[in-house]
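What follows is one structure encoded as structure tokens, with my remarks underneath.
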Amino acid sequence: MDNAILMDSSRQRKKATAACGKCRVLKVKYVPDPTLNAYFQSRNSELEFRNEGNPEWMSQEYLPNSEVGECPESSENQNTTENTLENPWDLSTATDAAWITDLGLSPVVLEYLLDRFRGMASYFPFVRLPYSCTAASMAEDRPFLLLAAVAAASSEYCHLQDALIRQFKESLSQRVVVAGEKDLDLLQGLLVHLAWFHFHFVPGSQQAYQYLQIAISMVIDLRLDQEAADLVELRTELSDTYIREACRAYLGCYYMSNIIAMTSGKPNNLQFHKDMLRCAMMLQQQPKSETDLLIYPMTKVLQFTEEVCETLRSEGIHSPRLHIHAGRFTTWLEEWWSSLSTDLRNKVLLINGYYAAKIRIQEMGLVYCYGQRRPPSPKAQEEFTILSAHPMVISNLIKCVSSTKEYLDSFFALPATEQNSLPYSAWCQVVLTVFVLYRLSVGLPEVPQWDVEIAQQTVDLQEYIDKLLSHLQVIKPLPDRQIPTKSLFSRLPEIMGSVRASYVLAKEDLAQARDSLHAHHELNGFNNTASSVQGLRRCPAVRYSSRHVAQAQDLPTLQSAITTEVQRIEDEKLWGDIFLMDTLSSMTGSSSLEF
1 MDNAILMDSS
11 RQRKKATAAC
21 GKCRVLKVKY
31 VPDPTLNAYF
41 QSRNSELEFR
51 NEGNPEWMSQ
61 EYLPNSEVGE
71 CPESSENQNT
81 TENTLENPWD
91 LSTATDAAWI
101 TDLGLSPVVL
111 EYLLDRFRGM
121 ASYFPFVRLP
131 YSCTAASMAE
141 DRPFLLLAAV
151 AAASSEYCHL
161 QDALIRQFKE
171 SLSQRVVVAG
181 EKDLDLLQGL
191 LVHLAWFHFH
201 FVPGSQQAYQ
211 YLQIAISMVI
221 DLRLDQEAAD
231 LVELRTELSD
241 TYIREACRAY
251 LGCYYMSNII
261 AMTSGKPNNL
271 QFHKDMLRCA
281 MMLQQQPKSE
291 TDLLIYPMTK
301 VLQFTEEVCE
311 TLRSEGIHSP
321 RLHIHAGRFT
331 TWLEEWWSSL
341 STDLRNKVLL
351 INGYYAAKIR
361 IQEMGLVYCY
371 GQRRPPSPKA
381 QEEFTILSAH
391 PMVISNLIKC
401 VSSTKEYLDS
411 FFALPATEQN
421 SLPYSAWCQV
431 VLTVFVLYRL
441 SVGLPEVPQW
451 DVEIAQQTVD
461 LQEYIDKLLS
471 HLQVIKPLPD
481 RQIPTKSLFS
491 RLPEIMGSVR
501 ASYVLAKEDL
511 AQARDSLHAH
521 HELNGFNNTA
531 SSVQGLRRCP
541 AVRYSSRHVA
551 QAQDLPTLQS
561 AITTEVQRIE
571 DEKLWGDIFL
581 MDTLSSMTGS
591 SSLEF
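Below you can see the structure in the form of structure tokens.
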């Protein structure tokens, strides 16, 4: 009888744990994340006690008037869900936003994080959230983009960000893999996730490229490329919100595809098309925000950089025309750069694009291999060596050293707090620059005539790495975090420290450092068990692969850390509002006295 009672109570418990609405519709087994669920339950109880009125924020009465701005919460948009190609936003239901109440995030927290994300808009102008798009309206119409945005904006709250990213992956799996959905909400959320992918970067993982392929397939399935072509052909005004957002997403997908392809050496499966520039030009001529003015020059310089890389790759390092191509490309780049307004030339993304193109032109495919050319064997080294380099080749390499210094100086001029918000593409540019400068400072087997002392006297690489380590110290996650290290900021200090040690040894004995493709030396200050087994000069990032990441600590400690961070956000918002009210009050008082 006792067994029967136990079995019966077990059935009752199972029946009480209902599947989510999405799983019930799809008739699939619901497999919740036990870590998140345990946290959700404790957090819900706390919020119910502290703020009984919060659930009302998602009611229809709370939604803003759809006529105020661009956010697509109007009934007109909601009535077009029959056809994916005509659907302005998505096919999702309110259950897709269940993570908000499950995770216990109040409207105050969500709006605070959305405001932080809007402040990051200039770093990725392809997804824009006007102020008319509140957390409440997005929870109804664009829940996946809302999730991606608050996850990207919560980098200062690592435990909350980790929970949001896990929720992002679970939602992506359910909606795309299981349900086979495809809509603009999913595409924009994916692009935001990729744009700040370094917050959850695992070396050796192909996840970024896999997510990118999902985004590209959505562009094709949603016919966004055809939408752009029709828009250009008909010269239609960008009066429709969906068309404008679709154009931005199409160009944003090309941007991320190009960045990831050039940094990883993998194929770019969304090739440049002339309609992209025309579409970007229309956004520039009919801007709805300041960030729309960035899209055309960004697309232009990206397409140009792609042309530079393809030309140098097809020519090969033995081509006698390398320096001729470099001169032609340099002329075009400088003319284009000088044609931009001063305001645009001060934008971080355009500065990155300009120096990315400039460095790759000047290194002529001899220094950075774009991820495709593997180090040759000693017997095959002659095939990759220029025995008699043209004087202009050496001249361009000297210019390349100066360009790396200029870029690093501009990067370090940014406040550390702003560097924390920079997108994945900006950090890829930092790594590229350090890699190129290291090889030019240690030795270039491809060009034996290159004198490394030129680089060493022009730029003190050791000093610049120390400066980078100092900046990373400010923005890296706190050491008392209760979850595994998953941020690029946590890995770069050790990696750059290893590069620094290799550089110091190379300067002492250049004869032993001719293999400048391997810029890693074991450091005594770190636990090198994983890497030492795999080889002395193995990159320290290897120990951070998915197989070597430590497990999270116990659940109660993790719950406490997340709760503390959410409370911190609410306190910061409260004090910020009080400070603003005091400021306005003092200004009003001063004005009345003057009157």
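Numbering of the sequence shown is given in full-length UniProt numbering, commencing with residue 1 and proceeding in unit increments.
Built from N, CA and C at the ideal position, the CB exists for glycine as well.
Local Cβ density within 10 Å of P320, reported as buried at 16 or more and exposed below that = By the neighbour-count rule (16 or more Cβ atoms within 10 Å), P320 is not buried but exposed.
Would you identify the three-state DSSP class for L145, choosing helix, strand or coil?
-> Of the three classes helix, strand and coil, the one that applies to L145 here is helix, per DSSP.
Is it a yes or a no for the region 278-295 touching the region 220-233, going by three-plus beta-carbon pairs under 8 Å?
-> Cβ pair count under 8 Å is three or more, so yes.
Note down the Cα distance separating A135 from S154, rounded to an integer number of angstroms.
-> 15 Å
Cβ atoms of L164 and L186: under 9 Å apart, would you say?
-> no
Can you give the Cα-Cα distance for Q286 and P391, rounded to whole angstroms?
-> 47 Å
Alpha-carbon to alpha-carbon, D509 and L212 | 43 Å
Is K288 helix, strand or coil by DSSP?
-> coil
List the whole-angstrom C-beta distance separating A149 from L114, where the pair is believed to meet the contact cut-off of C-beta under 8 Å.
-> Contact holds; Cβ gap of about 6 Å.
Straight-line CA distance for T81 to D141?
-> Low per-residue confidence applies at T81: pLDDT is 35, beneath 50, and the placement is therefore not dependable, though the value from the model is reported in the following sentence. Between T81 and D141, the C-alpha separation is close to 12 Å.
For A357, I'd like the list of residues in its chain whose CB is within less than 7 Å of its CB, leaving aside the five on either flank, ordered along the chain.
-> Excluding positions up to five away in sequence, the list reads V301, F304, T305, V308 and L333.
Hey, could you find the ends of the alpha helix (DSSP H) A97 is sitting in?
-> Premise fails: A97 is in no alpha helix (DSSP H) and is neither H nor E.
Cβ pair G443, A506 closer than 9 Å = yes
Between I475, L488, T263 and L469, which lies nearest to G497 when the distance is taken from Cα to Cα?
-> The candidate whose alpha carbon is nearest that of G497 is L469.
C-alpha distance - V447 paired with A389, whole-angstrom precision = 7 Å
Leaving out five residues on either side along the sequence, give the residues of the same chain with a beta carbon under 7 Å from the beta carbon of V431.
-> none
Beta-carbon proximity list for M138, same chain, < 6 Å, skipping 5 on both sides | L146
Would you decide whether K274 is buried or exposed? Buried here means 16 or more other CB atoms lie within 10 Å of its CB.
-> Per the 10 Å Cβ criterion, exposed.
Would you identify the three-state DSSP class for W427, choosing helix, strand or coil?
-> helix
For A261, which residues of its own chain have a beta-carbon under 7 Å away from its beta-carbon, when the five flanking residues on both sides are left out?
-> P267 and N268
So, using beta-carbon positions, are Y255 and D225 closer together than 9 Å?
-> For Y255 and D225, no; Cβs fall outside 9 Å.
Are the beta-carbon atoms of V108 and Q188 separated by less than 9 Å?
-> no
Find out if the Cβ-Cβ distance for the pair Y438, S502 is shorter than 9 Å.
-> yes
State the Cα-Cα distance for the pair S420 and I475, rounded to the nearest angstrom.
-> Reading off the sequence, residue 420 comes out as Asn, not Ser. Looking at the two C-alpha atoms, the distance is approximately 6 Å.
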